[in-house]
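Protein sequences appear in the order of chains A and B. Using the working numbering, the first residue of the first sequence is number 1, and each one after it goes up by one. Using the working numbering, the first residue of the second sequence is number 1001, and each one after it goes up by one. Beta carbons: idealized from backbone N, C-alpha and C, even for Gly. Only one structure is covered here, and it is reproduced in the block below.
Number of protein chains: 2
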Amino acid sequence: MGEIVLAFDIYGTLLSFEAVIHELKRFLNDDARARTVAQTWRRYQLEYTFRLNSMGRYLTFLEVTRNSLLHALDDTGTSLVDKEIEHLMATYNRLIPFPDVEDALNQLSAFSQVTSVIFSNGTRGMIANCVESSTVLSQHKSFFRDVVSVDEVKQYKPAPAVYNYLAKCVGRNQSEMKDIWLVSGNPFDIAGARNVGMNAIWVDRAEASWVDKALPDVKPTAIVHHLGGIVDVIKQQLSL
Amino acid sequence: MGEIVLAFDIYGTLLSFEAVIHELKRFLNDDARARTVAQTWRRYQLEYTFRLNSMGRYLTFLEVTRNSLLHALDDTGTSLVDKEIEHLMATYNRLIPFPDVEDALNQLSAFSQVTSVIFSNGTRGMIANCVESSTVLSQHKSFFRDVVSVDEVKQYKPAPAVYNYLAKCVGRNQSEMKDIWLVSGNPFDIAGARNVGMNAIWVDRAEASWVDKALPDVKPTAIVHHLGGIVDVIKQQLSL
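Shown next as structure tokens:
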């Protein structure tokens, strides 16, 4: 194990939802509506994970993803036939990495003091499908030493249990939480990691500023505007 | 205690958010934006409660309400001065009941086999302010035998602990959960109550159908389109 563990979130961090919007546009012939359905789908997907956590219940992320799609379709008054719904679900298995991912992973491979893992709400199957279907990710498979899925804990981010499980998987104890650096585009994930004492780099591609106030005193350790920005954060951390 | 306990949620069930939209319109001179800010505020307010539950953290609903307002303003690119923000927060202490509340409470008062309580995410102070500032609610104060605030549990709906606390407050044990009927306009609250074995009446004023699928097998016990609809549900339940 290196001195720093980088734990990469995938949905909204390594993988973009543009493929979903693209497929919805094909079915709906309406760009604005396609974007609304995609956003609503993602919103319910996350809301469901938070609510399941709250209720002490668990359904796999595959089930959550399907259920939240059906809710989003109802909510936006959008009719799709079963075949189209299955097609959208399949799209979720071949989401495309953001354009900045390949270069960032190439650069990060150079750091021998860094261990990288994937850390996701997705099931192992969903994660594997996305990695296999992406040329960039499949070529960098060895860059990721491990895949940590919340499915093994049966709770979702930002439950402390899933970050603690991540720590266990990468061989870190309570006093070493700061060695783990979450990399995520999702503010709730950043706050969740900081809540248990991890460091967290927020990938703010939209260059919005940090406005999340669920825990108003919690801020990301660092903010980058593209994934390659992590290189400088690590160099500084390792005093290189 | 009667044979049935009706536990009334307040925000979005007895109390409407129209007063918030009204005040926002005054500040923003833009009806559509006022509605968007109000919706975004409410959305973050609930998201924060679910996320705090998930993180095992607690801030009072007053703090959550303020923090989510600031997030909603940032998110919608809306600038308000401190005085306006304080004014909006104060509006939350004098939300106005939906027009169907007075008649429903009058009708429900006739049932001697029914005990009614208020059951809310709000602090006791917030609930008391809303009850006092509303003529309808203050005149019906004796209709509510108790006020149950999640603040006493330091978790938010839909955590099982808060519904179990409600049960304890109304003197019901695990085998008597079905005697408690939650009345709520909020689907996450309905699912939360059903999750612990309570009955739950969804107040679906917008006449949307039940499309929530966080727990896809969970449905409301009954759906009413106005608060007075509860009367028939109770009559049926009591075989009157």
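query, result
"Buried or exposed for B/V1081, please, with buried defined as at least 16 other CB atoms from any protein chain shown within 10 angstroms of its CB.", "exposed"
"Quick one: Cα of B/L1062 to Cα of A/Y48, how far?", "24 Å"
"Do B/A1032 and B/V1117 have their CB atoms nearer than 7 Å?", "no"
"Can you find a C-beta in chain A that's less than 7 Å from the C-beta of B/M1001?", "Caution is warranted here: a pLDDT of 47 is assigned to B/M1001, below 50, making its placement in the model unreliable, and the coordinate value is therefore given only provisionally. Not one chain A Cβ lies under 7 Å of B/M1001."
"According to DSSP, is A/D204 part of a helix, a strand, or is it coil?", "coil"
"Check the Cβ of B/P1099 against every Cβ in chain A and list those closer than 8 Å, keeping chain order.", "By Cβ distance, chain A contributes nothing, its closest Cβ being about 25 Å from B/P1099, past 8 Å."
"In chain order, what residues of the same chain have a beta carbon less than 6 Å from the beta carbon of B/T1091, not counting five sequence neighbours either side?", "A1019, V1020 and E1023"
"Tell me which residues share the same chain as B/S1068 and place their Cβ nearer than 7 Å to its Cβ, disregarding the 5 neighbours each side in the sequence.", "W1041, Y1044, Q1045 and Y1048"
"Taking 7 Å as the CB-CB cut-off, is A/F119 touching chain B?", "no"
"Along chain A, which residues have their Cβ under 7 Å away from the Cβ of B/M1198?", "Near B/M1198 there are no residues of chain A at all, since even the closest Cβ is about 13 Å away, more than 7 Å."
"Rounded to whole angstroms, what's the CA-CA distance from B/C1130 to A/S239? Just pull it up for me.", "56 Å"
"Residues of chain B with CB closer than 9 Å to the CB of A/V251, please, in chain order.", "Any answer about residue 251 of chain A is impossible in this case: the structure gives chain A only from 1 up to 240."
"Under the three-state reduction of DSSP, which class applies to B/T1040: helix, strand or coil?", "helix"
"What separation, rounded to the nearest whole angstrom, lies between the Cα atoms of A/N199 and A/G192?", "10 Å"
"Is the region 149 to 161 of chain A in contact with the region 52 to 61 of chain A, if contact means three or more CB pairs nearer than 8 Å?", "yes"
"According to the Cβ coordinates, are A/F144 and A/S109 closer than 7 Å?", "no"
"In chain A, which residues lie with their C-beta within 9 Å of the C-beta of B/A1206?", "The premise fails here: B/A1206 is roughly 12 Å from chain A at the closest Cβ pair, so nothing lies under 9 Å."
"Closest Cβ-Cβ distance between A/L70 and chain B: below 7 Å?", "yes"
"Which class does A/N199 belong to by DSSP, given the choice of helix, strand or coil?", "strand"
"I'd like to know whether the C-beta atoms of A/F27 and A/E84 end up nearer to each other than 7 Å.", "yes"
"Can you list the beta strand (DSSP E) stretches of 3 or more residues lying completely in the region 131 to 209 of chain A, in chain order?", "144 to 149, 180 to 184 and 199 to 203"
"In chain order, what residues of the same chain lie with their CB nearer than 7 Å to the CB of A/E102, ignoring the 5 residues before and after it?", "V136"
"Would you say A/L15 and A/L73 are within 7 Å of each other, going by their C-beta atoms?", "no"
"One question on the structure: do B/N1186 and B/G1012 come within less than 7 Å of each other, judged by their Cβ atoms?", "yes"
"Taking B/T1221 as the reference, give the member of B/Y1058, B/K1178 and B/A1206 with the closest Cα.", "B/K1178"
"Say whether chain B places a C-beta atom closer than 7 Å to the C-beta of A/N164.", "no"
"So, at 7 Å on beta carbons, what are the nonlocal neighbours of B/H1140 in its own chain, with the 5 sequence-adjacent residues on each side left out?", "L1105"
"Might you give, ordered along the chain, the residues of its own chain that have their beta carbon closer than 7 Å to the beta carbon of A/H226, omitting 5 neighbours on each side?", "D100 and R205"
"Look up B/A1128 in the DSSP assignment and say whether it is helix, strand or coil.", "helix"
"Taking buried to mean at least 16 other C-beta atoms within 10 Å of its own C-beta, is B/N1121 buried or exposed?", "buried"
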